[in-house]
Amino acid sequence: MKKSVIILDNLSERIDFFESLFRERHYNLIAVNSQFDLLDLIQVESPNLILINSNLPDHDSYLVCKKIKLLEKGKDVPVIFINGDDSNFDADLTFEAGADDYINYPFKLQEVKHRIEQQLSLKTLKDNLEETTKQLHKIIPNYQKLQEALKKATSELNNQKIKETLSILPSRKFLEETLEKEWLRASRQRTSLGDMEGTDISLILMQINDFDLYQQNHEGEIVGSCLLMIAENLKSKARRPGDLVAHFTEDTFAILLPNTDQTGALRVTEIITDHLADLQIPHNYSQVSDYISCSFGIATGIPTQAIEPVTLIEVAQDCLNSALRRGVEGAVNIDNF
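Laid out in structure tokens, this is it:
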């Protein structure tokens, strides 16, 4: 099988340069002009190297790189950015996105050759190591026991990585404590001032569809990266001082919105759904969508001392369960009391 390199670029001069360079090494260079073609091709081609223009129009190159690293067939493929515009290039963001190196344009031939050779050599070493490991597995006695022990250790490590990733968000306990304080504050406001205007409290529970299948088929680092992208997206959408985004359960997030009625909570949900769709995190094992999607349960209550604040959580959970049963992308169920 001929080795291949994929390049995502819109400048024919650069593509021609690399085509000549890789032809000498007996590599097949495949040029694409959209992230969708790139992600689809990775699944089919299993490339040895990926080159990405860091300043593509209508593309966020850093986000494209993150998506590559979320793919099972892309996570171990070296990625090199092509920097053709120093004013818009950020080396730190490049490496944070998962890229392995970058080269500057206009090219210096020897530098380009050295950087590419380095990444291809590392990829070859890694592939050889994986193949050797597979061969060793065939001759190790009691391999099944070893595999079970390794699976257990990997699962524990993956769970720990996920916990570390989500440590950027408050816990469910903190959410419940905050809800209790906000509920008491709002109920006192109504009692003392007789003012119902603006005292509504809304809670959104958001669960990732078919998350168990995603977790079963991806390594902990990939799952953690996925959850981190979602968590950062949620934090950026709940910006008011009193708003709170928390990690509710393994696959569920909570957004507490004081002084927010049902309409406001639904609007926040729509914004989250739109931005999550824009991320286009691949989920090849979902029955709902080809990408990571979520279902929502929204509960809105007018706080009184006669109703326990935990009621808001219970109603939101019931709504979420109803939305999940619908089995469609972005399903929302709402209730108020």
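Residues in the sequence shown are numbered consecutively from 275, following the numbering used here.
All C-beta atoms in this analysis are idealised placements derived from N, C-alpha and C, irrespective of residue type, glycine included.
Candidates the options: closest to residue i by CA position
i, options, result
"residue 355", "327, 349, 380", "327"
"residue 357", "379, 338, 554", "379"
"residue 477", "566, 592, 283", "592"
"residue 610", "522, 515, 574", "574"
"residue 566", "525, 285, 580", "525"
"residue 502", "464, 344, 391, 301", "344"
"residue 542", "519, 399, 491", "519"
"residue 483", "599, 281, 315", "599"
"residue 329", "346, 563, 362", "362"
"residue 280", "556, 348, 588, 287", "348"
"residue 392", "375, 404, 381, 426", "375"
"residue 317", "289, 288, 350", "350"
"residue 492", "283, 294, 425", "425"
"residue 557", "522, 500, 339, 517", "500"
"residue 447", "602, 406, 530", "530"
"residue 612", "284, 293, 303, 464", "This structure does not reach residue 612, given that the chain is present from 275 up to 611, and the question cannot be answered."
"residue 487", "523, 561, 513, 511", "561"
"residue 307", "338, 295, 296, 320", "338"
"residue 284", "412, 304, 459", "304"
"residue 372", "546, 495, 601, 563", "495"
"residue 381", "412, 513, 292", "292"
"residue 385", "590, 295, 589", "295"
"residue 389", "587, 564, 325", "325"
"residue 274", "587, 586, 601", "As shown, the chain starts at 275 and ends at 611. That puts residue 274 outside it, with no answer to give."
"residue 451", "586, 289, 313", "586"
"residue 459", "406, 412, 313, 516", "516"
Buried or exposed (CB count within 10 angstroms, at least 16 for buried), residue i
i, result
"residue 441", "exposed"
"residue 559", "exposed"
"residue 422", "exposed"
"residue 335", "buried"
"residue 474", "buried"
"residue 299", "exposed"
"residue 368", "buried"
"residue 341", "buried"
"residue 521", "buried"
"residue 453", "buried"
"residue 528", "buried"
"residue 445", "exposed"
"residue 410", "exposed"
"residue 310", "exposed"
"residue 286", "exposed"
"residue 399", "exposed"
"residue 282", "buried"
"residue 514", "exposed"
"residue 403", "exposed"
"residue 297", "exposed"
Beta-carbon separation (whole angstroms), residue i vs residue j, contact threshold 8 angstroms
i, j, result
"residue 550", "residue 568", "6 angstroms"
"residue 457", "residue 583", "4 angstroms"
"residue 479", "residue 594", "4 angstroms"
"residue 461", "residue 532", "About 12 angstroms separates the two Cβ atoms, so there is no contact after all."
"residue 511", "residue 545", "5 angstroms"
Residues near residue i by beta carbon distance below 6 angstroms, same chain, minus five either side
i, result
"residue 397", "322, 352"
"residue 277", "301, 322"
"residue 547", "604"
"residue 589", "573, 609"
Same chain, Cβ closer than 7 angstroms to residue i, neighbours up to 5 away in sequence not counted
i, result
"residue 597", "569, 570, 571, 605, 606, 607"
"residue 489", "497"
"residue 455", "none"
"residue 365", "376"
"residue 333", "309"
"residue 320", "347"
"residue 481", "525, 526, 568, 569, 594, 598"
"residue 315", "280, 304, 306"
"residue 394", "322, 323"
"residue 289", "281, 283, 305"
Contact set for residue i: own chain, Cβ-Cβ below 8 angstroms, skip 5 residues either direction
i, result
"residue 383", "none"
"residue 449", "518, 520, 522, 528, 530"
"residue 485", "524, 525"
"residue 370", "336"
"residue 534", "474, 475, 476, 542, 574"
"residue 387", "295"
"residue 359", "328, 329"
Is it true that the segment 497 to 512 meets the segment 534 to 541, where meeting means three or more beta-carbon pairs spaced less than 8 angstroms apart? no
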